[in-house]
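Report on the following structure.
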Amino acid sequence: MPAPSQDASEPEYGLTAVAPIRFKVACPECRAGFELPGDAFLLAIGASRRTTTYSFSCPRCDASIRKPAGRRIVELLTQGGVRTLRLHTADGPGGQG
Ligand SMILES: [Zn+2]
């Protein structure tokens, strides 16, 4: 499969986009598709890929949806200003960050 491996979309200007970023998601419960602002998501980064998930509430059926977040999704969400929760605690010296 020919896939574009050239991904040169890295910003080089040291600035952050402030436009409201929306993510297109689908609810597995009611099958509705909708767009939510980054504000509506919570990204939970665990110690492994299996425990790294993102969650949101369906505005239609009010279900709490949690899905596994791959590396690319994590990148997209963090770049979109989504709240990030780190599940694993690093036991280093003086680690309040
Ligand atoms: Zn739903």
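The sequence shown lines up with residues 1168 to 1264 when you count with my numbering.
For each residue, glycine too, the CB sits at the ideal point set by N, CA and C.
Looking only at C-alpha atoms, which of the options sits nearest to residue i?
| i | options | result |
| --- | --- | --- |
| Lys1234 | Ala1199, Pro1187, Pro1195 and Arg1189 | Pro1195 |
| His1255 | Pro1204, Thr1220 and Ala1207 | Thr1220 |
| Ser1222 | Ala1230, Phe1208 and Gly1213 | Phe1208 |
| Ser1224 | Gly1213, Arg1217, Arg1216 and Gly1205 | Gly1205 |
| Ala1230 | Arg1198, Ile1188, Arg1189 and Glu1242 | Arg1198 |
| Leu1252 | Ala1214, Glu1202, Phe1190 and Lys1191 | Ala1214 |
| Pro1226 | Arg1189, Lys1191 and Phe1201 | Phe1201 |
With burial defined as no fewer than 16 other Cβ atoms inside 10 Å of the residue's Cβ, what is the status of residue i: buried or exposed?
| i | result |
| --- | --- |
| Leu1210 | buried |
| Leu1244 | buried |
| Ala1193 | exposed |
| Gly1262 | Its pLDDT being 43, under 50, Gly1262 is placed unreliably by the model, and nothing is read from it. |
According to DSSP, is residue i part of a helix, a strand, or is it coil?
| i | result |
| --- | --- |
| Ala1265 | Given that the chain is displayed from residue 1168 to residue 1264, the structure contains no residue 1265 and the question cannot be resolved. |
| Gln1246 | helix |
| Thr1218 | helix |
| Ala1211 | strand |
| Arg1239 | helix |
| Gly1200 | strand |
| Gly1262 | No answer about Gly1262 holds up, because its pLDDT of 43 lies below 50 and its placement is not dependable. |
(request) Considering only heavy atoms of ligand 1, list every residue whose Cβ is less than 6 Å from one of them, following chain order. (result) Cys1194, Glu1196, Cys1197, Ala1199, Cys1225, Arg1227, Cys1228 and Ala1230
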